[in-house]
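Notes to accompany the following structure.
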Amino acid sequence: MKAILLVRVSTKTQDFDEQERAIYEMAIKDGYSPDDIIPICEKESGIKLSEEERAGLNRMKELIETDNAINCVYCWEVSRIARRKKINFSVLDYLINHKVQLVIKEPSIRLFKDNGDIDEGAEMIFTLFSQMAESEMRTKLARWKRTKDAKRKESYYTGGWLLYGYKVDEKTRKIVPDESAAVVEQIFNMYLTGKYSYGSLAKELIHTGIFNYKLSTARSMVSLILNNTAYAGLPSSSNGYNKLRTEGNVYPAIVTLEMIERCKKIAEGNVYKAKKQYNNYYFGKGLLRCPYCGGTMVAKKNNNTYHCQNCDKGFWIQINLVDSILWYTGSMIYLGRMTSNNDEARKQYQQQLENYDNKITTSENRITAIQNKIDVIEHRAYVDGTLSINKADSFIKELNDKISEENKALNKWKNEQSAVKQMLIDIESKVTGVTLETINNIKDDETRFKIIHEVLDNAFIDKLGAYQYNISIYPTLSEKPLQFLLDTKKNKAYTDLRKVKGINRLQEINCYEQRFKPIRDKQKNREYNVKYCQEHKEENARRQREYRARLKALKEDKK
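In this note's numbering, the protein residues as written are 134 to 692.
So, in structure tokens, the structure goes:
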């Protein structure tokens, strides 16, 4: 009979000799002669490769299936078969089906008893150590990743692609700027002058001998450098030209983040493309909301109405009347903001800024506290070993979800704070010559559209009855709406003063403007009427006979 010695190491620095010598002596003690012992020694990963990719296991199966004299496989420990329990169980089933004994040195395992039955105790130990081998490797990988990430954040080189402008210090193994870092800084400074596009800057660099690439390659490099935030010291970088990406790398900053953002804005202005031409500006576009589903109502050009496409409960309302009341409201608010320069308004906005500062500080403190908790959990799980990996992953996932929610709130506060700052700037600026008459004289629809969308957030329309609607208009950063009644039959808008003591009536607002007229094709309408009359000729004749009969009966009754 023959035996197989299954030996595996993971790295080139490891040696087969110790494993092979130990299990070779076991095989000799069990009665196998040196000529009947077949060693299989492979240097391959026990966790990265699948069972089909493992050369050692494939060789073992090939020998077992071609040589019936093989009845035993020796291995130093369970992890030498594989560090993935799925592969270990598959190998175990394979050996059981082929009635081949499995002998493990550490711990002592013999799969079959002397009578040929499976040793359940040995099988249980094999299962336990397979799980331990996989868990041990997961823990090692997690620790290795954590160490590698920590090294990256300290600018240590951990392998892979490097950004243009950096090199690795041979002594400290840290990433440091090289002589081409001055080129990166020069590219940013030249582009920030506003005199260059990506292409013209690439040409300039080629002409001056800084780049020795063809124009298309140089232009791609300029684009990637100017848009890569890693040059500002942020922990990520990408190379779209070579389709490479590295996560977590922190490079010493060559430029500031502000410079990169300014370059992006310049690039947006340098894009030469035909802008979309709008013949019609619908003031309610993006503002009107359906009261039933909350969806945005859209304009329909053929019959000049707004309607909701998201639900079947929506209704249709005339564009002219809605746009008229939106312009009336928006112009009044805009006039107030442009002409008001009083201390009360300034105090109100400053108070809002203080509130937003408090909210932002609180949110940032919460994020920092949660991140500290994550660090403690990771240290307990991966360093101290006092917390299981599964529990740690569960806790970390829950805390990361909380961080995501806090970031959403933080972004919301910052956006609203920016809006309040802009409004404070508008109030404190001295605007002269702005009157109701000058605003009413604005006839350019694009200008009016911008004013409306600057001062209004959204508007909801509710149907009260036939031709009767209520519109609630929300100014920017205001939770209290301005409400008006609309009569689409008379094309009139009203302020409801019926609950005001001493007035008790609807006050009409003279704001209606017919900007859009329905498209009518007389020839098309005539053709439709003729076709309708031909299709319903008999029905129309019957109705006429009945009508004449009723008239005749009425005349006879009068006589």
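Beta carbons are placed, not taken as given, at the ideal position from N, Cα and C, and that holds for glycine. Everything numeric in this text was worked out from a predicted model, so none of it was measured.
Alpha carbon to alpha carbon, how far is Tyr384 from Val316?
16 Å
Taking its Cβ as the centre, do 16 or more other Cβ atoms sit within 10 Å of Leu244, making it buried, or is it exposed?
buried
Would you call the CB atoms of Leu420 and Asn591 closer than 8 Å?
yes
Enclosing alpha helix (DSSP H) for Glu337 [first to last residue]:
Tyr331 to His340
Tell me, to the nearest whole angstrom, how far the beta carbon of Ile387 is from that of Ala314; I am working on the premise that it is less than 8 Å.
5 Å
Sorted by chain position, which residues of the same chain lie with C-beta nearer than 8 Å to Ser521's C-beta, five sequence neighbours on each side aside?
Ala514
Do Thr462 and Leu615 have their CB atoms nearer than 8 Å?
yes
Answer with buried or exposed for Ser537, where buried requires no fewer than 16 other C-beta atoms within 10 angstroms of its C-beta.
exposed
Which of the three DSSP states is assigned to Tyr602 in this structure?
strand
For Ala525 versus Ile503, is the C-beta distance shorter than 8 Å?
no
For Glu239, which residues does DSSP report across the bridge?
Glu210
In whole angstroms, what is the alpha-carbon distance linking Lys273 and Gly427?
51 Å
Between which two residues does the beta strand (DSSP E) harbouring Met134 extend?
It is not in any beta strand (DSSP E) - Met134 carries neither H nor E in the DSSP assignment.
Sufficient close CB pairs (3 or more, under 8 Å) joining the segment 489-504 to the segment 628-635:
no
What whole-angstrom Cβ distance do Ile197 and Val224 have, given they're in contact under 8 Å?
With a Cβ gap of about 11 Å, Ile197 and Val224 do not count as contacting.
Contacting residues, own chain, Cβ-Cβ under 6 Å from Cys205 (five flanking each side not counted):
Ala136 and Gln234
Should Val140 be labelled buried (16 or more other beta-carbon atoms within 10 Å of its own) or exposed?
buried
Just the C-alpha distance for Lys433 and Leu486, rounded to the nearest angstrom, thanks.
40 Å
Restricting to runs no shorter than 3 residues, where is the beta strand (DSSP E) found entirely within the segment 421-499?
430-433 and 438-441
Using only alpha-carbon positions, find the residue among Tyr364, Leu325 and Gly402 that is nearest to Leu390.
Tyr364
Which same chain residues end up closer than 7 Å to Lys622 when comparing Cβ atoms and leaving out the 5 residues on each side of it in sequence?
Tyr600
Inspect the beta-carbon positions of Ile452 and Val588 and report whether they are closer than 8 Å.
no
Would you decide whether Asp445 is buried or exposed? Buried here means 16 or more other CB atoms lie within 10 Å of its CB.
exposed
Would the segment 324-342 and the segment 397-404 be scored as touching if the rule is three or more Cβ pairs under 8 Å?
yes
Hey, would you say Val211 sits closer than 8 Å to Ile251, going by beta carbons?
no
Are the CB atoms of Thr609 and Phe617 nearer to each other than 8 Å?
no
What do you get for Arg678, buried or exposed, if any count of 16 or more other CB atoms within 10 angstroms of its CB means buried?
exposed
Is the CB of Thr462 under 8 Å away from at least one CB in chain C?
Reference to chain C is not applicable here, since this structure consists of a single protein chain.
Compute the Euclidean distance between the alpha carbons of Lys650 and Met471, then round it to the nearest angstrom.
33 Å
Looking at the unbroken alpha helix (DSSP H) that takes in Leu390, where does it start and where does it end?
Leu390 to Gly402
CA-to-CA distance, Thr362 to Glu269, given in whole angstroms
37 Å
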